[in-house]
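> Counting in this note's numbering, the sequence shown runs from 1 upward without gaps. Glycine included, every Cβ here is placed at the ideal spot set by N, Cα and C.
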Amino acid sequence: MGLFDSKIQSLSEQALDAAWYKQQVISNNIANSSTPDYKAKTVEFGIILKEKCKCKYHTPDEDKGGDISLSVSTTYETNTNQLLNGNNVDMEKEQLDLADVQYQYSAMMDQMNNNYAMIRSAITK
């Protein structure tokens with residue numbers, strides 16, 4: 001097991017990728033806000049435990065919890081009203097969602113940087 005091969009590191013990387021993908025989808029929605037018949041897309045992601053833990057309590061060296069990964073799904077937005085041209089992009093919602101995901105991405109990057117700083121501090125002392 002390497003220094004950066006932890007489940008938390010892997011999950012953090014997957015979360016950053018998912019947040020980046022969500023930013024791309026929201027930006028695409030904003031760019032197509034005046035395109036006739038364009039349907040806005042939404043991205044949802046959540047944690048999935050691939051295998052459930054068979055024991056209630058275990059020590060870290062008894063890793064029976066299974067792999068942790070993120071599930072990312074893209075769907076078409078159905079909760080917004082369509083304009084006369086068939087487009088259903090709600091600019092206020094998209095801008096709020098974009099600000100929210102940018103905040104999440106920034107917070108995850110700060111967390112990863114703090115983890116690297118702790119490792120760097122432990123190595124240099």
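Under the three-state reduction of DSSP, which class applies to Lys93: helix, strand or coil?
For the purposes of this step, residue 93 is taken as the residue at position 93 of the sequence shown. It is helical.
> Using 10 angstroms around the beta-carbon of Lys125, count the other beta-carbons present and answer buried if the total reaches 16, otherwise exposed.
Position 125 of the sequence shown, counted from the start, is the residue given in the question as residue 125. Looking at its Cβ environment, which holds fewer than 16 other Cβ atoms inside 10 Å, Lys125 is exposed.
> Given a cut-off of 8 Å, decide if Tyr105 and Leu16 are closer than it, judged by their beta-carbon atoms.
As a working mapping, residue 16 is identified with position 16 in the sequence shown. As a working mapping, residue 105 is identified with position 105 in the sequence shown. Result yes, Cβ atoms of Leu16 and Tyr105 sit closer than 8 Å.
> So, using beta-carbon positions, are Val25 and Thr80 closer together than 8 Å?
As a position in the sequence shown, residue 25 is number 25, starting the count at 1. As a position in the sequence shown, residue 80 is number 80, starting the count at 1. No, the pair does not count as a contact, with Cβ atoms beyond the cut-off.
> Tell me the rounded alpha-carbon separation between Leu83 and Glu13.
Counted from its first residue, the sequence shown places residue 83 at position 83. Counted from its first residue, the sequence shown places residue 13 at position 13. Roughly 38 Å separates the two Cα atoms.
> Taking Leu98 as the reference, give the member of Ile119, Ile8, Tyr21 with the closest Cα.
Residue mapping note: residue 98 aligns to position 98 of the sequence shown, counting from 1. When only C-alpha atoms are compared, the closest one is Tyr21.
> Run through the DSSP bridge pairs and tell me what Lys41 is partnered with.
For this step, residue 41 is matched to residue 41 along the sequence shown. Partner(s): Tyr76.
> Would you mind sorting Ala19 into buried or exposed? The rule is 16 or more other CB atoms within 10 Å of its CB.
Along the sequence shown, one-based indexing puts residue 19 at 19. Flag for Ala19 reads buried.
> With DSSP run on the structure shown, which of helix, strand or coil describes Asn28?
Stepping through the sequence shown from its first residue, residue 28 is reached at position 28. Helix at Asn28.
> Within 10 Å of its beta-carbon, does Asn114 have 16 or more other beta-carbons around it, so buried, or fewer, so exposed?
Counted from its first residue, the sequence shown places residue 114 at position 114. Exposed is the call here.
> What number of angstroms, rounded off, separates the C-alpha of Ser6 from the C-alpha of Met118?
In the sequence shown, the residue the question calls residue 6 occupies position 6. In the sequence shown, the residue the question calls residue 118 occupies position 118. Rounded to whole angstroms, Ser6 to Met118 spans 15 Å at the Cα level.
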